[in-house]
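Since the structure comes first, as structure tokens, the remarks are kept for the end.
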Amino acid sequence: MKTIGKINTNYIYSANDTVPREFPKYTTQLMNLANSNGQGTRPSVVGPMATYFQEFLEEVPAPSIEDWEEWYTTREPEAKERAKARILPQIERLKEAIQLIDDSLVDTWLDDLLIDKTYNGLYVQKAIIQKVSEHFNVPYAVSSAADESKGIDGYIGGTPISIKPDTYENLTKLKEQIDVPIVTYKVNKSSRNIEVFIPLDLDPHK
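Each residue of the sequence shown is one higher than the one before, starting from 1 at the first, in full-length UniProt numbering.
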């Protein structure tokens, strides 16, 4: 197999004999956000688009965008109004929120992003150690610099443990030798919640 080049959005529009619609600068970003908040284009609101389009292609052998518009609006004549009913109130809320953004609020937002979220997003070991200690109902301690050099991130009771992401075992070029139980965690990308996994033989009560 060899590549013959890439196809971008403009190429697809041209191949399909369609012209991209034009919008004032920044407005699509705001409408996308309002739609995301209001869930205006979910399948329950506008229909299962991928399924609909496959049905459309099966029914219309030489389709055009005009054919698709007629087919879809016949199938879902109220879809656009249902979507707008969800999106427009979110637009009004965004208008109100924009009026609240000033120098001070941007300063606070940057502190939250660069300081708070970076610290708590990247430094998860302590929270995981605390969670494991609560599971076993024993005290915990974070490791010293000397312990960290041995791969020890903390102690559950008197038991040393190492904290690693769930992808750790899949790495093929592991150079470190860790001789303590490894607690792993997995980050849910959508909710940002962290699921913690402990070895079956981990027992700090022994």
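Ideal Cβ positions, reconstructed from N, Cα and C, are used throughout, including at glycine.
Partner residues in the beta bridge of A141, as assigned by DSSP, are Y155. Taking a C-beta distance under 8 Å as the contact criterion, I161 and P139 do not qualify as a contact pair.
Under the DSSP definition of a beta bridge, T184 partners with K164, F197. Distance from the CA atom of G158 to the CA atom of V142, rounded to whole angstroms, is 11 Å. The three-state secondary structure of V60, taken from DSSP, is coil.
DSSP, read as helix, strand or coil, puts P20 in coil.
Between F56 and P63, the CB-CB gap stays under 8 Å. Secondary structure note for E78: it is in no alpha helix (DSSP H), with a DSSP letter that is neither H nor E.
Beyond the five residues adjoining it in sequence on each side, D203 comes within less than 7 Å, by CB distance, of no other residue in the same chain. 8 Å or more divides the Cβ of I101 from the Cβ of I129.
The three-state secondary structure of V124, taken from DSSP, is coil. Rounded to the nearest angstrom, the gap between the Cα atoms of M31 and E81 is 15 Å. Taking the CA atoms as reference points, V45 sits about 38 Å from D103. Annotation: V124 to T118 spans about 10 Å, alpha carbon to alpha carbon. Between T184 and D201, the C-beta spacing is not below 8 Å.
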